[in-house]
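In our numbering, the protein residues as written are 45 to 503.
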């Protein structure tokens with residue numbers, strides 16, 4: 045086999061060295077955590093949704109489902125697999141845990157799921173983590189041809205604490221959103237426009253952040269091919285997106301429950317207090333403005349640079365639109381692209397430091413939100429600790445500090461620092477794209493800040 049063939053084959057497989065060790069370590073952590081530790085409030089809802097659909101009521105027939113249908117269909121597929129397991133029980137409500145429902149953080153429940161159900165629900169998410177990591181590895185290899193850099197990109201994703209936490213502990217599906225977003229942009233780069241439209245719709249309906257990239261995607265599709273063919277390709281993409289939306293929402297269109305699919309978004313915003321509104325709405329406005337600004341900026345780029353920086357444009361837009369959501373898991377949607385960028389193209393260590401800080405901060409925030417309810421399965425089913433011990437530890441985290449419960453104070457501090465870092469990530473990416481080249485003082489300020497944080501800037 046020639047050297048060229050060997051190099052080409054390496055693009056499609058994990059290296060037998062560093063990447064393989066990262067894979068094994070990441071899987072070991074996930075497979076240990078998945079059955080033992082869980083956030084009962086979220087996974088209880090997944091069980092309720094499965095029971096509702098099994099009873100023939102559909103996703104919105106009974107109270108309990110608050111997302112668009114896309115996630116519900118994925119749960120339905122998981123239900124088919126779970127039903128193949130003999131004697132499967134979801135969980136039960138424990139009276140000795142009722143006290144946790146009165147904690148400061150309101151989203152706690154005494155209903156606790158079994159280790160087998162936990163594992164069954166989380167295993168598909170773990171497999172998605174692997175697939176995303178593999179795509180990052182291939183992406184870095186295709187651009188750099190460097191196995192070490194590809195392994196680093198894979199590791200930044202696969203060993204990231206918040207990614208591990210959300211898939212193997214909290215059972216949240218942000219990794220699916222990250223996978224679909226990454227697939228969409230890769231399909232666009234390969235000129236597979238209809239399929240990209242299909243994936244885009246599913247990604248935006250899983251978590252709405254990819255929808256902010258719609259103008260950038262349209263610009264790339266139109267500019268990717270010359271003449272009339274460009275608009276035909278755009279029509280092809282739109283057709284894929286619209287047809288997919290119609291298929292997904294067809295049951296809800298027929299039974300008149302379409303608006304129920306958006307109750308999560310509307311319900312959350314209606315619960316916002318003044319401080320959260322001040323924290324959220326200005327950044328939503330900024331994201332909407334930048335949606336247009338980046339699209340115009342991309343339109344004016346020359347073709348070669350637009351093709352080269354397309355992934356960075358998408359990464360920058362996602363980094364901006366997730367700032368307004370304080371939840372610890374939402375930035376996962378752009379973490380694959382950020383991992384690729386740091387491994388392959390970053391000019392100093394500033395973005396790497398930001399990524400590490402975000403990983404620590406968001407995992408800390410997730411823990412303080414969920415508290416020691418993560419141990420309820422371990423307590424009730426595996427008897428690794430006493431239920432009363434779990435409750436006492438949760439009360440300890442609710443101890444007032446300066447008149448504010450420790451959990452709330454910790455989350456507020458962490459989210460404030462997280463907000464600053466997310467703004468820095470967005471500014472560094474926009475600076476790399478050259479968006480601030482006309483504004484010398486701003487550009488110099490960002491460059492100086494980045495140098496102090498991450499050392500000398502290369503290139």
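Using N, Cα and C, we set each Cβ at its ideal position, and we do this for glycine too.
Buried or exposed: where does residue 177 fall if 16 or more other Cβ atoms within 10 Å of its Cβ makes it buried? buried
With contact counted as at least three CB pairs below 8 angstroms, one residue from each stretch, are the stretch 267 to 275 and the stretch 210 to 225 in contact? no
Buried versus exposed call for residue 86 [16 or more other C-beta atoms within 10 Å across all chains shown]: buried
Reduced DSSP secondary structure (H/G/I, E/B, other) of residue 431: helix
Assuming contact is defined by CB atoms lying nearer than 8 angstroms, are residue 284 and residue 239 in contact in what I supplied? yes
Residue 137, enclosing beta strand (DSSP E) - first and last residue: 135 to 137
From what residue to what residue does the beta strand (DSSP E) around residue 155 run? 155 to 157
Please go through the same chain and pick out, in chain order, the residues whose beta-carbon is closer than 7 angstroms to the beta-carbon of residue 201, but skip the five residues on each side of it. 176, 177, 180, 207, 379, 380, 383
If I'm right that residue 15 touches residue 245 with Cβ under 8 angstroms, what's the distance once you round it to whole angstroms? For residue 15 there is no data in the structure shown, the boundaries of the chain being 45 and 503.
Which residues in the same chain have their Cβ closer than 7 angstroms to the Cβ of residue 314, if we skip the five residues on either side of it in sequence? With a pLDDT of only 49 at residue 314, under 50, the local geometry of the prediction cannot be trusted, and no value is derived from it.
Going by C-alpha distance, which of 443, 388, 430 is nearest residue 352? 388
Bridge-paired residues (DSSP) for residue 445: 448
Whole angstroms is fine: what's the gap from residue 418's alpha carbon to residue 451's? 15 angstroms
Distance, Cα to Cα, residue 191 vs residue 385? 15 angstroms
Just to confirm before moving on: does the CB-CB distance between residue 442 and residue 431 stay below 8 angstroms? no
Spatial distance of residue 392 from residue 416 (CA atoms): 38 angstroms
Check residue 351 in the structure and name its three-state DSSP category. helix
Short check: CB of residue 361 to CB of residue 256, under 8 angstroms? yes
Could you check whether residue 331 and residue 212 sit closer than 8 angstroms to each other, using their CB atoms as the reference points? no
Using a threshold of 8 angstroms, state whether the C-beta atoms of residue 237 and residue 280 are closer than that. yes
According to DSSP, is residue 277 part of a helix, a strand, or is it coil? helix
Does the Cβ of residue 325 have 16 or more other Cβ atoms within 10 Å, making it buried, or fewer, making it exposed? exposed
Beta-carbon proximity list for residue 161, same chain, < 8 angstroms, skipping 5 on both sides: 87, 91, 126, 132, 133, 134, 135
Measuring from the CB of residue 85, is there a heavy atom of the ligand ATP at a distance below 7 angstroms? The ligand ATP is not part of the structure shown, which contains no ligands of any sort.
Of all the CB atoms in chain D, is at least one closer than 8 angstroms to the CB of residue 383? No chain D appears in the structure shown, which is made up of a single protein chain.
Mind reading off the beta-carbon distance from residue 413 to residue 149? Whole number of angstroms is fine, and I expect it under 8 angstroms. 6 angstroms
When burial is assigned at 16 or more other CB atoms within 10 Å of the CB, is residue 210 buried or exposed? buried
Between which two residues does the alpha helix (DSSP H) holding residue 377 run? Note, residue 377: premise wrong, no alpha helix (DSSP H); not H, not E.
Helix, strand or coil for residue 267, going by three-state DSSP, please let me know. helix
Let me know the secondary structure DSSP gives residue 186 once reduced to three states. helix
Is the beta carbon of residue 139 less than 8 angstroms from the beta carbon of residue 84? no
N-terminal and C-terminal residue of the alpha helix (DSSP H) that residue 415 is part of: Careful: residue 415 lies outside any alpha helix (DSSP H) and carries neither H nor E.
Is the beta carbon of residue 277 less than 8 angstroms from the beta carbon of residue 291? no
Mind checking whether residue 423 and residue 429 have CB atoms under 8 angstroms apart? yes
Checking 8 angstroms against the spacing of the C-beta atoms, do residue 230 and residue 342 come in under that value? no
Can you tell me whether DSSP reads residue 165 as helix, strand or coil? helix
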